[in-house]
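Just below is one structure, and these are the notes that go with it.
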Amino acid sequence: MKRLRYWLLVLALFGLCLPAQAIITGELIMVRSEKPFNEAMEILQHAIKKQGYSVTGVRRVDQGLAESGYKSDKYRVVFFEKTDENNSLTDSHPELLPYLPLKIVVFAEAGETLLVTSDPATFNDLFSDPRLKDLFNRWHADVVNIMQVVQDQ
Amino acid sequence: MFSLASKLALLIVLLLGAFPSLAADGEKLFLEKCAICHGREGQGGVGIPLALESFLAQTPDEYIHRTIRVGRPGRVMPSFYRLSESEIAAIIKHIRGWQKTPVPEWDATPVQGDAKSGKALFDTHCVSCHGKDARGGKGTGLMFSRPRDLPIAPPSLNNQGFLNSVSDQMLKTIITQGRKHTPMPPASQFGLKADDVNNLVSYIRSFQITTMTGEHMLEEEAIIMHRSPHSFDQTLENVKRAVVDNQFELISFKLGDKHASDKSAHRKKATVNFCNYKMINDALAIDPRIGMFLPCQITIVESFSGVEVMSINPKRLSQLFNNDKLDQACQQMHDTYSQIIREATQ
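As given, the protein sequences belong to chains L and A, one line each in that order.
Numbered by the working numbering, the letters in the first sequence go through residues -3 to 149 in order.
Numbered by the working numbering, the letters in the second sequence go through residues 441 to 786 in order.
Structure follows, in structure tokens:
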């Protein structure tokens, strides 16, 4: 019995040290690409596809602003998803629909390009269903990878 | 079966094996969270050059810690309130690695000075760079770009994040010594004495009106949602009409695929996208990242229990930005979404 208690203590201490205890560092994910806007857009869309997602749309905000008489540098929003995954997910969790598909904001800044997105890990705060936690954390890892590719190229 | 020594050895091996996974990677975190503004090597850009020797020589760890924790409200510097203490410590360690200068430690003694005299001195010697009422030079962290006529944007000294991070003694040191390799000169260049510096510190401190904890109250709901008494098709038409009635341009609407099986709780889905470019233009002037709120969108979902109309809650998303002005815009957007959804479900 004494030995069992000892090993339980060891396991408990070990468990406390596992990464699952680490706090998820959400908020915004922002990266700067040294590439000009068009090139960065191309790299981004390629990175999204390579990560297994489909680009479902690109919103040309700059164009809309220009047509309405407002001056703007290049500014787009890129939407992406795994369509089948989103379809079945939103069947069971329609409250996620307003936040999907995932998106990355891309805008030009003095010959470079900035990319911003909200960290999908923040969905863990927004939607409390524990069954979604693994999915949100996978999205987090995927989005970080995508952003990293754009930053590094 | 096992000796005490072998048990202890095993325990240590297990713990050591686990600890590397806990150790935060300061460089990785810096590149992910900070490099976009401060540069990959801390050389600066929109954010101040953190690798500057004179900066690190005057800046205690506590200042960097507080700055990361509370950010600069109203500026692009966010509050990284989710970072753990060990992650912040790792970022600071990474920043410190750029210079061998010793880490300063200032005592917490408040500086005693005359804020009124300080204001007169400020208006004479500091206002040309730090702006009226210490609000900062043009482009100070408001956008991701800034004028390049100075190597660094003069900081906003009346920012509550700055005032909640800096100690009086640190301020006094910066004013007294200036900051090498930046346009910030030492006080002696203007003939200012120790009392004058104290007065300036008191004047700058007089702008502090809040005590920030860096803890955010995430109490808003994630979505705005109303149940509709109408059919799915009627509700969709109502949403489209309400969008236009509320001065938005209807961009598109998309019906979701009818892929759901009979067992699925939800059958039809539709999204209505709309826009008001004046609103976008105004919001971009507040923060260039507002594209994350786009497109303006209302979603309609039919389930066996009825039709629901929903949107993001801009007030909840706004909490990611640490920007009071954006909070106001998001309050307006929240009210507008609520109005559209109410009108569509009446």
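Cβ coordinates follow ideal geometry from the N, Cα and C atoms, glycine included.
Does any residue of chain L have a CB that is nearer than 9 Å to the CB of residue i?
{"i": "L766(A)", "result": "no"}
{"i": "A700(A)", "result": "Interpretation of A700(A) is limited by its pLDDT of 48, a score under 50 that renders its predicted location unreliable; the figure taken from the coordinates is listed afterwards. Chain L contact via Cβ: present."}
{"i": "F550(A)", "result": "The residue asked about is misnamed: residue 550(A) is Pro in this sequence, not Phe. So, not an interface residue."}
{"i": "I720(A)", "result": "yes"}
{"i": "P594(A)", "result": "no"}
{"i": "K755(A)", "result": "no"}
{"i": "E472(A)", "result": "yes"}
{"i": "V741(A)", "result": "yes"}
{"i": "P728(A)", "result": "yes"}
{"i": "I532(A)", "result": "no"}
{"i": "M610(A)", "result": "no"}
{"i": "I752(A)", "result": "yes"}
{"i": "K709(A)", "result": "yes"}
{"i": "I780(A)", "result": "no"}
{"i": "L734(A)", "result": "yes"}
{"i": "Y643(A)", "result": "no"}
{"i": "A769(A)", "result": "no"}
Can you check whether the CB of residue j is closer than 9 Å to the CB of residue i?
{"i": "G576(A)", "j": "L640(A)", "result": "no"}
{"i": "N721(A)", "j": "S50(L)", "result": "no"}
{"i": "Q483(A)", "j": "P489(A)", "result": "yes"}
{"i": "I531(A)", "j": "F602(A)", "result": "no"}
{"i": "V101(L)", "j": "G731(A)", "result": "yes"}
{"i": "F630(A)", "j": "A574(A)", "result": "no"}
{"i": "N120(L)", "j": "F103(L)", "result": "no"}
{"i": "L676(A)", "j": "F688(A)", "result": "no"}
{"i": "P594(A)", "j": "H570(A)", "result": "yes"}
{"i": "K473(A)", "j": "F520(A)", "result": "yes"}
{"i": "P116(L)", "j": "H89(L)", "result": "no"}
{"i": "V644(A)", "j": "G558(A)", "result": "With the sequence shown as reference, residue 644(A) is identified as Ile, and Val is not the correct amino acid for it. Yes."}
{"i": "S743(A)", "j": "R707(A)", "result": "yes"}
{"i": "N686(A)", "j": "T776(A)", "result": "yes"}
{"i": "G487(A)", "j": "M517(A)", "result": "yes"}
{"i": "L695(A)", "j": "K709(A)", "result": "yes"}
{"i": "S778(A)", "j": "C770(A)", "result": "no"}
Output needed for residue i: all residues of its chain with C-beta closer than 8 Å, excluding positions within five of it in sequence on either side, in chain order.
{"i": "W735(A)", "result": "The question names Trp, yet the displayed sequence has Pro at residue 735(A). Result list for P735(A): I691, N713, F714, C715, in chain order."}
{"i": "Q149(L)", "result": "S29, K31, I39"}
{"i": "R512(A)", "result": "G581, S596, N599, G601, F602, N762"}
{"i": "Q609(A)", "result": "W546, D547, A548, T549, V551"}
{"i": "S524(A)", "result": "A464"}
{"i": "S23(L)", "result": "According to the sequence shown, residue 23(L) is Glu rather than Ser. These residues qualify, in order along the chain: S114, D115, T118."}
Output needed for residue i: all residues of its chain with C-beta closer than 6 Å, excluding positions within five of it in sequence on either side, in chain order.
{"i": "A627(A)", "result": "I615, T616, V637"}
{"i": "I528(A)", "result": "H505, I508"}
{"i": "A682(A)", "result": "I780, E783, A784"}
{"i": "T739(A)", "result": "T711, M750"}
{"i": "Q93(L)", "result": "First, the amino acid is wrong: residue 93(L) is Leu here, not Gln. Cβ within range, chain order: T86."}
{"i": "P542(A)", "result": "none"}
{"i": "T613(A)", "result": "Q498"}
{"i": "Q539(A)", "result": "E493, L496"}
{"i": "N82(L)", "result": "L96"}
{"i": "M624(A)", "result": "G618"}
{"i": "S745(A)", "result": "none"}
Leaving out the 5 sequence neighbours to the left and right, which residues in its chain are closer than 7 Å to residue i when beta-carbon positions are compared?
{"i": "R56(L)", "result": "R72"}
{"i": "V184(L)", "result": "Absent from the model: residue 184(L). The displayed extent of chain L is -3 to 149, so no value can be given."}
{"i": "K765(A)", "result": "G514, I726"}
{"i": "G107(L)", "result": "P32"}
{"i": "T79(L)", "result": "S50"}
{"i": "Q152(L)", "result": "Chain L is shown from -3 up to 149; residue 152(L) falls before or after that span and cannot be answered."}
{"i": "G53(L)", "result": "F75"}
{"i": "V724(A)", "result": "For the sequence presented, residue 724(A) should be read as Leu rather than Val. For L724(A), where only same-chain residues beyond five positions count, the Cβ hits under 7 Å are I730."}
{"i": "D501(A)", "result": "I532, V543"}
{"i": "K99(L)", "result": "V73, V74, F75, T113"}
{"i": "G11(L)", "result": "For G11(L), the pLDDT reaches just 43, beneath the cut-off of 50, and the residue's location in the model is therefore unreliable, leaving the point undetermined."}
Are the C-beta atoms of residue i and some chain A residue less than 9 Å apart?
{"i": "L131(L)", "result": "no"}
{"i": "Q47(L)", "result": "no"}
{"i": "F123(L)", "result": "yes"}
{"i": "Q149(L)", "result": "no"}
{"i": "A18(L)", "result": "Interpretation of A18(L) is limited by its pLDDT of 27, a score under 50 that renders its predicted location unreliable; the figure taken from the coordinates is listed afterwards. Judged by the 9 Å Cβ criterion, A18(L) is in contact with chain A."}
{"i": "V112(L)", "result": "yes"}
{"i": "K99(L)", "result": "yes"}
{"i": "F103(L)", "result": "yes"}
Closest Cβ-Cβ distance between residue i and chain C: below 9 Å?
{"i": "Y717(A)", "result": "Absent from the structure is chain C; the protein chains it does hold are L and A."}
Of all the alpha helix (DSSP H) runs that stay within the bounds of the stretch 20 to 104 of chain L, which reach a length of 4 or more residues? 33 to 46, 57 to 63, 79 to 88
Which of the residues in the stretch 50 to 64 of chain L, read from start to end, lie with their CB under 7 Å from any CB of chain A? R55, V57, G60, L61, S64
Interface positions of the stretch 659 to 692 of chain A facing chain L (Cβ-Cβ less than 8 Å), listed along the chain: A662, I663, M665
Mind listing, in chain order, the continuous alpha helix (DSSP H) runs of no fewer than 4 residues lying wholly within the stretch 480 to 523 of chain A? 493 to 498, 501 to 510
What alpha helix (DSSP H) runs, 4 residues minimum, are completely inside the stretch 703 to 753 of chain A? 717 to 726
When you check each C-beta in the stretch 27 to 40 of chain L against every C-beta of chain A, which residues fall closer than 8 Å? V27, R28
Compile a chain-ordered list of the residues in the stretch 498 to 518 of chain A whose CB is closer than 7 Å to at least one CB of chain L. P518
Give the list of continuous alpha helix (DSSP H) stretches no shorter than 4 residues that lie fully inside the stretch 609 to 691 of chain A. 634 to 645, 672 to 685
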